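With the working numbering applied, the sequence shown corresponds to residues -1 to 613, in that order.
Beta carbons: idealized from backbone N, C-alpha and C, even for Gly.
The structure displayed is predicted, hence computed values, not measured ones.
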Amino acid sequence: MLASYLCENGCTPKRGERRHNDPDEKKREYFEKYDLGKIREIKESEIPYWYPKDRMMHAPEEQECWGVKWRAGTSNFRTVDELFTKRNLWALAAYLETTNKTELFQDFLLFVFTSILFKSSRMMAHNKDGIGRIQKGTYYIPQISHDIHVGKFMQEALGDMLSGYSQITLKKSNLLISSSDSRVLRIPTSSVDYIFTDPPYADTVQYGELNFVWETWLDLDTNWHDDEIIVNAFRDKTEKDWETMMMQAMTECYRVLKPGRCVSLCYHDTSEGTWALVQDIMAQAGFIVEKTDQAVYINSATKTTNQYFSDKVTKRDLVINFRKPKPGEAAAAILLTGDEDKTTFGEKARRIVRDYLGAHPGSTKDRIYDEVVSRMVRKGQMEAHNFDELLRSAAEEVKTPVMKTLFEPEEPNLFGTHEISRWYLKETELVLHDDAENAREEVAAEKIGAFLKDFLGKNPGDEGVHYSNLFEFYIYAVTDKPRRQLTDLLPDYFYTTEKGTWRLPASEEEERAKRDARARGLGRRVKRYLAQLAQGAFIPEQERPSDATLAEWIRHCKRAGLYEQGKLLFEKGGLNPDALSEETMVDVEEDYQVCARMLAREASEPKRRGRRTEE
Ligand SMILES: C[S@@+](CC[C@H](N)C(=O)[O-])C[C@H]1O[C@@H](n2cnc3c(N)ncnc32)[C@H](O)[C@@H]1O
């Protein structure tokens, strides 16, 4: 143990150090008498001020782990006060009590308090250079802590704050800051001119857990965690919950915005999954992408090590603008207004069913119905139409077993609860017979192709373009968007590289292969077949793909970066290699190996999702 002291009443030396094992006998004696003596005195006394003793995250007493940020050994403190040495706890509590009695600048002083709170904790690691540092985004308590001088740090923080404050020119204005659940805003409908939002992305930063210590010290409400939009396994908050809650928050933004006005959404992610999801959420909430010539970025001042060395992670924060359409302004998606005559309505609704089942084969009727209804501006119109008839015109019903466990179906019973009806597109619906939509897809693919060419021309070292760059381009430059998701569209036109990036067809033959696959609706076909297999649907013999077809599908999947699908087709698709020629058999084996290898590589790479934290 090392004590570093400063003599404040004129004694010499003014500044010094002494250790528990100091070679200087006198220093050792003083260390024992004064330094340890002081700590003993503190230990034996009771802190005469209030400080928080809350159980972390209000977890039950008998349960050691309190959240996903809990770690055995390094982050296993039980209560908030256990995160601090008694000495600093005392100093912080004394400061807080004085501040709470101060009327003038109380918020300002509390802000200063929060700025040094974690540095005053046992999380402050002692480094060889004598400087204390803490790891952000965790509750990591190092083996050797640096117990700071709370008063001195407070003084420094006050100085910094004052110099910052003197630079703020806006001292008074009609501002209202409110912190509440963004899913239920107490703001009138269509009354807001502009929204800027920086929502939490999935599980990257555990704001709720990491704020808890601050909130208890400030005596704020610490029971808001049910409302937190986050993925947190400890609190059973799944990705699905995140999606639902984000959807609620964005729907609320939509409600309060004036028609024609924008919401700017901050995005810190390169993850394909979330990009597509966010786009979906915004579209479902009713927003349309605002056309701008240029994307707006917020450059973060500091970069993570990853950001310096990898081209795959975010280098900047992207700001995407979405607009609440004005009445009568059609969104890119099919919009049912309820004013259509029966034929037009039927056509539009059938297209929705088709799109939805193309993307989600094997959905149940209620999900398909929800999809159609949710796209109607005026709900309740469905009753006037025969949904069953509509559904049957595009899809067929297949009874699939309800599984008791992963491998075991439910016993048949009289109520029929051992079976569930799923819907798959009819064979005839797998190829797109919609000229306008086909043309839209062609134009989009052409623009993306030109972008790929241009990008690769400017970056000759790159084999392909990362999905996030394509997506960025797509949302801004492809104005008349096809109804399919970009993730579904890309494999129909382009190829993936070994790195998982996208490239143009490299030869006339490759180009033809894609055209052919499109004409036969290969992407939808494979998706439908795999869903049927996974859901245990009965597939009539004439609809089963032949071995040669399966081999062709596996090749398609490999080339389109659909490795999971390729692997599944080979392993579970019912392929009988003996029925193939030797050459095809070798090819299909090789395609399968590529899929499996790419999947293994993806799995071993860290999950690229959400914002990365520093340090
Ligand atoms: C990405 S952070 C925003 C960071 C902020 N822009 C900044 O630079 O400091 C997302 C924030 O959303 C908050 N949040 C989570 N669920 C919420 C909800 N239901 N309503 C409002 N905010 C929520 C999180 O606690 C977190 O503070």
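Expected contact under 8 Å - CB spacing of residue i and residue j to nearest Å
| i | j | result |
| --- | --- | --- |
| Y493 | E508 | 7 Å |
| R526 | G572 | Wrong, their Cβ atoms sit about 15 Å apart, outside the cutoff. |
| S189 | V254 | 6 Å |
| T136 | S73 | 7 Å |
| G130 | K117 | 7 Å |
| D490 | A515 | 7 Å |
| K397 | E425 | The Cβ separation is near 18 Å, so there is no contact. |
| D196 | C264 | 4 Å |
| W421 | E395 | 6 Å |
| P323 | L423 | In fact, because the Cβ distance is near 30 Å, the residues do not count as touching under 8 Å. |
| I142 | A123 | 7 Å |
Alpha-carbon spacing of residue i relative to residue j, whole angstroms
| i | j | result |
| --- | --- | --- |
| N98 | V110 | 13 Å |
| T499 | Y465 | 6 Å |
| I37 | E30 | 10 Å |
| F232 | E80 | 21 Å |
| T249 | G284 | 8 Å |
| A598 | K565 | 11 Å |
| S579 | L528 | 24 Å |
| A357 | D452 | 30 Å |
| N7 | R13 | 11 Å |
| Y474 | N436 | 20 Å |
| R17 | K24 | 11 Å |
| A517 | N209 | 54 Å |
| A347 | R390 | 12 Å |
| S471 | G128 | Rather than Ser, the amino acid found at residue 471 in this sequence is Phe. When rounded, the distance between both Cα atoms is 48 Å. |
| D224 | I185 | 22 Å |
| L168 | F103 | 17 Å |
| Y590 | D576 | 16 Å |
| L520 | W551 | 8 Å |
| M54 | L108 | 22 Å |
| R279 | Y199 | One detail in the question is off: residue 279 reads as Ile in this sequence, not Arg. Their Cα atoms are separated by approximately 13 Å. |
| A393 | A434 | 22 Å |
| Y561 | L428 | 21 Å |
| G206 | A92 | 26 Å |
| K51 | K363 | 52 Å |
| C9 | D33 | 16 Å |
| M244 | R501 | 33 Å |
| E226 | V586 | 47 Å |
| M(-1) | D105 | 37 Å |
| F194 | S262 | 5 Å |
| I537 | W240 | 35 Å |
| A549 | R522 | 16 Å |
| P140 | N457 | 44 Å |
| Q246 | L183 | 11 Å |
| D409 | G559 | Correcting the residue type first, residue 409 is Glu in the shown sequence and not Asp. Spanning the two alpha carbons is a distance of roughly 39 Å. |
For residue i: DSSP bridge partner residues
| i | result |
| --- | --- |
| S394 | In the sequence as presented, Ser is not what sits at residue 394; that position holds Glu. Note: E394 sits in a beta bridge opposite Y422. |
| V287 | F320 |
| C264 | V317 |
| I193 | V261 |
| Y3 | G14 |
| E417 | P399 |
| Y493 | R501 |
Burial state of residue i (16 or more Cβ within 10 Å)
| i | result |
| --- | --- |
| C593 | buried |
| W48 | exposed |
| H56 | exposed |
| A546 | exposed |
| N230 | buried |
| A448 | exposed |
| N319 | buried |
| K238 | exposed |
| T83 | buried |
| R481 | buried |
| R595 | exposed |
| K134 | exposed |
| G35 | exposed |
| D191 | exposed |
| L617 | Examination of residue 617 is not possible in this model, given that the chain is present from -1 through 613 alone. |
| A299 | Here A299 scores only 47 on pLDDT, less than 50, and its place in the model should not be relied on; the value that follows carries that caveat. It is exposed - the Cβ of A299 has fewer than 16 other Cβ atoms within 10 Å. |
| S419 | exposed |
| Q204 | buried |
| T77 | exposed |
| C555 | buried |
| I166 | exposed |
| S119 | buried |
Around ligand 1, which residues pass a check of Cβ closer than 6 Å to any of its heavy atoms? D179, S180, R181, D196, P197, P198, Y205, D225, E226, I227
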